[in-house]
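Straight run, no breaks: the sequence shown in this note's numbering ends on number 188. All residues carry an ideal CB built from backbone N, CA and C; glycine is no exception. Remember, predicted model here, so these are calculated numbers, not experimental data.
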Amino acid sequence: MTDYQLLGIHHVTVMTDSAEHNYRFFTEALSMRLVKKTVNQDDIQTYHTFFADDEGSAGTDMTLFDFLGNSKAMHGTNAITRASFRVPDDAALKYYQERFDAFGVKHEGIIDWFWAKALLFEEEDGQRYQLGYVLIEISTDGPGFETDEPYETLGERLSLPPFLEPERDLIERTIRPFNTQRHHS
4 MTDYQLLGIH HVTVMTDSAE HNYRFFTEAL SMRLVKKTVN QDDIQTYHTF FADDEGSAGT
64 DMTLFDFLGN SKAMHGTNAI TRASFRVPDD AALKYYQERF DAFGVKHEGI IDWFWAKALL
124 FEEEDGQRYQ LGYVLIEIST DGPGFETDEP YETLGERLSL PPFLEPERDL IERTIRPFNT
184 QRHHS
């Protein structure tokens with residue numbers, strides 16, 4: 004046993020081709036929160052969005068790179084074909100099954116895998132979280148998404164790491180904007 008053991012999966016990253024569609028799907032159908040809207044640090048013309056629980060807790064986030072025209076992965080090509088969210092119990096699965104029915108999300112119903120039950124679903128564009136490739140990272144829990152944005156407005160504006168701030172004007176002229184303003188009560 005090491006003093007620096009892995010604590011679990013920090014996040015999963017998916018390659019997609021529609022930041023706007025992802026925003027609607029993850030915030031409306033899955034009730035997740037966009038906690039960070041930034042750019043891919045290797046390609047500053049590409050959005051990198053982070054969806055998580057309301058607090059942006061480590062281990063709850065799915066991140067997406069928005070590559071316009073990205074092709075879908077195909078089974079049998081060494082692609083990861085499924086990513087799984089955790090829910091506490093059967094009642095939560097039933098809730099999401101009913102929610103997916105209401106939102107018109109294609110799913111296979113609740114499946115009993117013996118060691119766990121699952122609700123397999125696809126996004127409107129047919130993505131079953133089929134990844135063309137997977138970025139493997141070891142990530143810390145902190146400092147967290149609130150490092151540069153207040154909790155109340157997480158994900159509502161383009162957030163850049165300090166080393167990309169000098170490029171903000173270029174980035175904002177290059178990437179296609181989309182509205183992520185939440186309705187505040």
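Secondary structure of residue i, DSSP reduced to three states
| i | result |
| --- | --- |
| Y98 | helix |
| F124 | strand |
| D20 | coil |
| A55 | strand |
| T63 | coil |
| E50 | Strictly speaking, residue 50 in this sequence is Tyr, with Glu absent from that position. Note: Y50 maps to strand in three-state DSSP. |
| N25 | helix |
| I113 | strand |
| R176 | helix |
| D69 | strand |
| L161 | strand |
| P91 | coil |
| F181 | coil |
| L167 | helix |
| T5 | coil |
| E155 | helix |
Pick from the options that is closest to residue i, judged by C-alpha positions
| i | options | result |
| --- | --- | --- |
| G147 | Y7, Q8, D6, H14 | H14 |
| T183 | E152, T16, T30 | T30 |
| D20 | L9, A32, T49 | T49 |
| H24 | D69, G59, D56, D57 | D69 |
| G158 | A121, S87, H51, M18 | H51 |
| D64 | A55, L71, G72 | A55 |
| K120 | N73, D104, D93 | D93 |
| K97 | L123, S162, F181, S60 | L123 |
| F28 | F53, D45, G62 | F53 |
| F164 | T66, N43, T5 | Per the sequence presented here, residue 164 reads as Pro, with Phe not at that position. When only C-alpha atoms are compared, the closest one is N43. |
| D46 | A61, D57, G62, M18 | M18 |
Counted within 10 angstroms of its Cβ, other Cβ atoms place residue i as buried (16 or more) or exposed
| i | result |
| --- | --- |
| K40 | buried |
| F166 | exposed |
| G11 | exposed |
| I178 | buried |
| Y7 | exposed |
| Y26 | buried |
| Y99 | buried |
| R171 | exposed |
| I139 | Its pLDDT being 38, under 50, I139 is placed unreliably by the model, and nothing is read from it. |
| L173 | exposed |
| S34 | exposed |
| R36 | buried |
| T5 | exposed |
Inter-residue CB distance, residue i and residue j (contact presumed, cutoff 8 Å)
| i | j | result |
| --- | --- | --- |
| A32 | F103 | 7 Å |
| V38 | G59 | 4 Å |
| E155 | S162 | About 14 Å separates the two Cβ atoms, so there is no contact after all. |
Beta-bridge pairing of residue i - partner residues as DSSP gives them
| i | result |
| --- | --- |
| T41 | H51 |
| R36 | A55 |
| V108 | None; V108 has no bridge partner. |
| H193 | The requested residue 193 does not occur in the structure, where the chain is confined to residues 4 to 188. |
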